[in-house]
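Have a look at the structure below before the remarks.
Number of protein chains: 2
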Amino acid sequence: MPALTPYVQLEQEFRRLHAFRGALAVLRWDAAVTMPRASADVRGDQLAALETECHALLSSPRLTRLIERAEASRQGLADWQQANLREMRRERDHAIATPPSLVARLARETARAEALWLDARERNDFSVLAPQLDEVVKLTRNRAAMLGQHLGLDPYDALADEFTPGLRSREITELFATLSRRLPTLVNEALDRQLEGPAITVEGRFTPARQRALCVEVMRAVGFPFDRGRFDEAGRAFTEGVPGDIRVTTRFDPRDPFSGLLGALHETGQALYDLGLPKEWRDQPVGQDRGMALEESQSLLLEMIIGRSREFVAYLRPLLLKHYGVDGPGWSEENLYRRLNTVVRGPIRMDADELTYQAHIIVRYELEQRLLSGELPVRNLPEAWNELMDRRLGICPASDNDGCLQDIHWAQGSFGYFPSYGIGAVVAAQLWEGLREEQVGVSQEIIRGEFGSVIGWLRENVHALGAKMEVPDLVKHATGKPLHAGPYLRYLERKYLLDG
Amino acid sequence: MPALTPYVQLEQEFRRLHAFRGALAVLRWDAAVTMPRASADVRGDQLAALETECHALLSSPRLTRLIERAEASRQGLADWQQANLREMRRERDHAIATPPSLVARLARETARAEALWLDARERNDFSVLAPQLDEVVKLTRNRAAMLGQHLGLDPYDALADEFTPGLRSREITELFATLSRRLPTLVNEALDRQLEGPAITVEGRFTPARQRALCVEVMRAVGFPFDRGRFDEAGRAFTEGVPGDIRVTTRFDPRDPFSGLLGALHETGQALYDLGLPKEWRDQPVGQDRGMALEESQSLLLEMIIGRSREFVAYLRPLLLKHYGVDGPGWSEENLYRRLNTVVRGPIRMDADELTYQAHIIVRYELEQRLLSGELPVRNLPEAWNELMDRRLGICPASDNDGCLQDIHWAQGSFGYFPSYGIGAVVAAQLWEGLREEQVGVSQEIIRGEFGSVIGWLRENVHALGAKMEVPDLVKHATGKPLHAGPYLRYLERKYLLDG
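So the sequence lines, in the order shown, correspond to chains H and L. Our numbering applies: residue 15 is where the first sequence begins, and numbers increase by one. Our numbering applies: residue 15 is where the second sequence begins, and numbers increase by one.
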């Protein structure tokens, strides 16, 4: 048997890593959906053992040697292989940059912070969490410095790179600045306009069984493959799994006919992305999704842009009547459209509509940078939060729970994550504009419940690229233009000022 | 930090192994119960990667060195630790005895044989499978020779030791000879007696939902912990998981009010065994179950001995009426008892009653030894099978599907497995006799649906011992007598000749 090249040996190692991660995905899904409730201790040991194994694989000296040898003979590789090698190094660099002692300490301190976050939420009092969050911020600052040094990036960019590879704060800041110049007035104009025709309430019995049947019918139409995926109810909506076995959940609120479906659509967007990743690279780094902002763009495109469009409402209305057995003025197309697109200045990000959502993200982006730089002491976070929410959205949260205690991300040590949500929305709109230029019949198709052209275009121009390019290059490749805020603002203006 | 002793380092390694095996259990359960049907390819990769990891852990030179060093200072260990070290070596010896090339070849050839077994079943023609089974037998013969040499055992004993540690063919042969002397006449006598009062049929609507509700009520009464376990419908009845997260399935046949419940009881017996294993040794080899024969004994004790007793029928009857909404002469205690204990000479092991079951096992035990020794060529198996079934049970199977094609075990390379079923029944009866001598109120308790004394006795005398002793020692420890066929034959005679 001839000796395998370093690159081929690397593919074997990453194939193992992929199998372990697939196993981790099943264990996590099971923990959220099917696991007996008292079995979390056992599951914790299993997850930790597998995660340790993944980390050991990525940080082994042998892997580093193989990467260096493969890079030395890179010119003999095809372009997908070169991109794969680049992603292998990225994974290895991220894994190795933080020393195991700091990884262990962060795991311990964030676990404590998560528990205290729950306590603080219960008492509606940020000061319960503040000292522990301060600890997490300090450790994360160290981690960001080491990671940045290792990757040749600014500390904050090094953190953000973990969630959306290739996205830098220079571009994020510029995009958010453009949005901040237009969105506040746009919100005002939309709210004024909304007064002319407010939505009325809808009534009916929205049992989980009915909601589920509705979701399944819509997911089938969109193209979710039920022989390669599952759809379950869980405490929250999420997507888990690998492209050959993808699992979507949502949460059914019996008083709300829409939230379960919209959650399912959001997750179906991500699932279809995962399913469309290049088959021949499935078990390699270059065959994975291109990070959080891209996943979010696929979710928002389906849930927000398509799922709340007039065309989709026309398709959806008969299904609502059929599954919920309802009728009456609330269920007119016009009213359903208004209900799905009502703008409200509220304090909670998770409840925010499309138009006010970015303000929530921009506030977090600014604050997490100031926390990490040390400019903003953790104990002063509530005042800074409220002041900034007032400035960006004209809202002053009434309490910590409505303010800086609403998200768990920072307690978990996830800094650099929030911008991905906002950028995801911008990417979604730009892709949508590109898609509609090329697929001119899309509106009529959606009304008929046909999604083949939409998903086909996304598959060809986004999904099939996997992790071959950085996010900005991928957007340019798909739309012919660099990532910019224009399409997003045009989309919002057309929808909220010109009525779709 | 002071250096850890070799023994303590071993415990750490086996803790990792336990976590991987727990993950494997979840992946297997998921594959059988919740996995999308087209995702088997992905799951195969995940299982293979984890199994390879387990094998690598057990066969690493470092583990061997640690075991040797720990054995050299064994006298400093407590008795549980010494037993744990013995089990560590057993696992390591079994893992290392077969060279990886042979493991890989067996995996390939048994996979082919399984597929051909399905084909052969479809055509009801053993000759479709024969050449491939011959291949599997030859490879297994090699494996048995190597394993035997490594463990200092006869080849067949080395295979059987994988399923029930400590059980040797000398004892199996002797036990089966004792059974063969009495059972054929006992079957005749029971069949004669049965003619005097045959069971009449029962009628009703046994929907899966009703069967499930019945099973859950009975499982709760027996002590199945639903917060640490699950109960699901699947294509077959099985138990999967680890003591902190144990999962039982059964199969509901809407025409049969009993088979789903009996399957659930069978698996609950095993689940309660796993749950009763010593908590402080859960993640170590000595804290695992003591092999197939013991597991089967716990299943049969609950399903066969208790679950088909007059006392249990008295407890069960009101539940049947409640859940199935039935009544009428078929549902009298007397008739239910008769239906649950009808003796039939049939060709199929899986359908066999308690009394004829051993003949099926003994036939397989004799044949697999002759196949492995080479005395019986694989191509002659059908004739040998039919001849022996006739001799042992007075049955001549009408076709290969009713004969030597009915079980998948040999195609999977599982030789030495079948005796565990038969020995399990013998062990169950001996434990039951010991239990009833000490817990005199058991009959009345079962009638009231109380199982605390039964499970408590088993927990103390069997479950809590884990893998601390070999099977024969464990039986002697629990009952004060060596493993022997007396209690089993007494139990059958009392039940089938004296009516309970």
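By construction, the Cβ of each residue, glycine as well, lies at the ideal position given by its N, Cα and C atoms. Predicted, not measured: the structure shown is a model, and the values here were computed from it.
Proximity winner among the options, relative to residue i (alpha-carbon distances)
i: residue 393/L; options: 195/L, 60/L, 367/L, 147/L; result: 147/L
i: residue 424/H; options: 111/H, 371/H, 131/H, 268/H; result: 131/H
i: residue 349/L; options: 306/L, 232/L, 214/L, 497/L; result: 214/L
i: residue 347/L; options: 363/L, 336/L, 329/L, 364/L; result: 329/L
i: residue 212/H; options: 109/H, 355/H, 470/H; result: 355/H
i: residue 218/H; options: 198/H, 338/H, 496/H; result: 338/H
i: residue 405/H; options: 439/H, 283/H, 361/H; result: 361/H
i: residue 434/L; options: 461/L, 310/L, 242/L; result: 310/L
i: residue 487/H; options: 441/H, 466/H, 459/H; result: 441/H
i: residue 496/L; options: 194/L, 90/L, 485/L; result: 485/L
i: residue 177/L; options: 46/L, 469/L, 304/L, 269/L; result: 304/L
i: residue 381/H; options: 396/H, 159/H, 210/H; result: 396/H
i: residue 320/H; options: 164/H, 112/H, 480/H, 439/H; result: 439/H
i: residue 378/H; options: 420/H, 408/H, 343/H, 367/H; result: 420/H
i: residue 302/L; options: 89/L, 239/L, 417/L, 104/L; result: 104/L
Simplified DSSP assignment, three categories, for residue i
i: residue 380/L; result: helix
i: residue 214/H; result: coil
i: residue 244/L; result: strand
i: residue 192/H; result: helix
i: residue 339/H; result: coil
i: residue 151/H; result: helix
i: residue 186/H; result: helix
i: residue 409/L; result: coil
i: residue 262/L; result: strand
i: residue 230/H; result: helix
i: residue 22/L; result: helix
i: residue 178/L; result: coil
Neighbourhood of residue i by C-beta distance below 8 Å, restricted to the same chain and skipping five residues each side
i: residue 106/L; result: 72, 73, 77, 78, 81
i: residue 24/H; result: 77, 80, 81, 84, 99, 102
i: residue 383/H; result: 170, 183
i: residue 41/L; result: 57, 60, 61, 64
i: residue 376/H; result: 190, 193, 194, 406, 436
Cβ-Cβ separation, residue j to residue i (assumed contact under 8 Å), whole Å
i: residue 429/L; j: residue 386/L; result: 6 Å
i: residue 204/L; j: residue 357/L; result: 5 Å
i: residue 280/H; j: residue 317/H; result: 4 Å
i: residue 414/H; j: residue 156/H; result: No, residue 414/H and residue 156/H are not in contact; Cβ-Cβ is about 27 Å, not under 8 Å.
i: residue 326/L; j: residue 460/L; result: 6 Å
i: residue 124/L; j: residue 161/L; result: No, residue 124/L and residue 161/L are not in contact; Cβ-Cβ is about 16 Å, not under 8 Å.
Whole-angstrom distance between residue j and residue i, CA atom to CA atom
i: residue 369/H; j: residue 200/H; result: 8 Å
i: residue 564/L; j: residue 489/L; result: No answer is possible for residue 564/L: it lies beyond the span of chain L, which begins at 15 and ends at 514.
i: residue 184/H; j: residue 474/H; result: 29 Å
i: residue 143/L; j: residue 398/L; result: 16 Å
i: residue 21/H; j: residue 286/H; result: 30 Å
i: residue 465/L; j: residue 283/L; result: 12 Å
i: residue 264/L; j: residue 272/L; result: 11 Å
i: residue 167/H; j: residue 181/H; result: 11 Å
i: residue 150/H; j: residue 426/H; result: 8 Å
i: residue 96/H; j: residue 472/H; result: 24 Å
i: residue 250/L; j: residue 482/L; result: 31 Å
i: residue 446/H; j: residue 229/L; result: 52 Å
i: residue 26/L; j: residue 68/L; result: 14 Å
i: residue 298/L; j: residue 19/L; result: 16 Å
i: residue 179/L; j: residue 510/L; result: 32 Å
i: residue 351/L; j: residue 133/H; result: 57 Å
i: residue 391/H; j: residue 46/H; result: 35 Å
i: residue 388/H; j: residue 145/H; result: 14 Å
Contact set for residue i: own chain, Cβ-Cβ below 6 Å, skip 5 residues either direction
i: residue 255/L; result: 39, 261
i: residue 503/H; result: 196
i: residue 443/L; result: 501, 502, 505
i: residue 312/L; result: 283, 284, 287
i: residue 470/H; result: none
Contact set for residue i: own chain, Cβ-Cβ below 7 Å, skip 5 residues either direction
i: residue 221/L; result: 268
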